[in-house]
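Asker: Read in order, the letters of the sequence shown are residues 709 to 834 in my numbering. We put the CB at the ideal spot given by N, CA and C, even for glycine.
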Amino acid sequence: MNDEVKARPFSVTFISWLTIIGGFVGLIYFMYLLMSAPEIMNMMIGSVIVLGGIAISLIYASITMLEGKSWGRYLYVAISVLSAVIIFLMNGIEDRQTIISIMRTAIFAFLLYRPNVNAYFKNNAR
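Written out as C-alpha cells, the structure reads:
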C-alpha cells in the first residue's frame, strides 16, 4: 500500500468530524428543548424520533468512515439523501434549508467518491 492511500483523505476526516460534532450538538439541543418544554414533545414526537434516528445513524456512519469501512460511506450518503428528501417534502424547494441540505448532500457525496477516497476505502476493506 503506498503512502497516498495509507493516510485518511482530509475530506473523509472533515465530513466525518463535522457530522459527529453536529449530530451530538443537535441531539443535545433536542434533549434540552424537550426537557424545557414537554408540550413540544407531545406535538413533535414523530419528528423527534425520525430526526434523532437520522442523527444517530449519521454519527455511526461517520465513525465507521473514520475507521476506513467503505459501507459507512454508503450508509452516510443514503441517510443524507433520505434526510434531504424529508426536508424537501416538509419545506418545499423554496426553503433555504432545503437548498442548503441538497447542496451539502451533493458536495459531500462528490467528495466521498473522489479517486483518492475510493482508493482509501478499497485498501482499508475488511
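Which residue spans inside the segment 719-785 form an unbroken alpha helix (DSSP H) run of at least 4?
Answerer: Entirely contained in the segment 719-785, the alpha helix (DSSP H) runs reaching 4 residues are, in chain order, 746-774.
Asker: Please report how far the alpha carbon of Ile807 lies from the alpha carbon of Leu741, in whole angstroms.
Answerer: Cα-Cα distance, rounded: 25 Å.
Asker: Compare the C-beta of Asn799 against all C-beta atoms of chain C and say whether one is closer than 7 Å.
Answerer: Structure shown: chain C not included; a single protein chain is present.
Asker: In this structure, how does DSSP classify Ser821 when only helix, strand and coil are distinguished?
Answerer: The displayed chain sequence assigns Tyr, not Ser, to residue 821. Reduced to three states, the DSSP call for Tyr821 is coil.
Asker: Assign Ser788 to one of two classes, buried (16 or more other C-beta atoms within 10 Å of its C-beta) or exposed (fewer than that).
Answerer: Result: buried.
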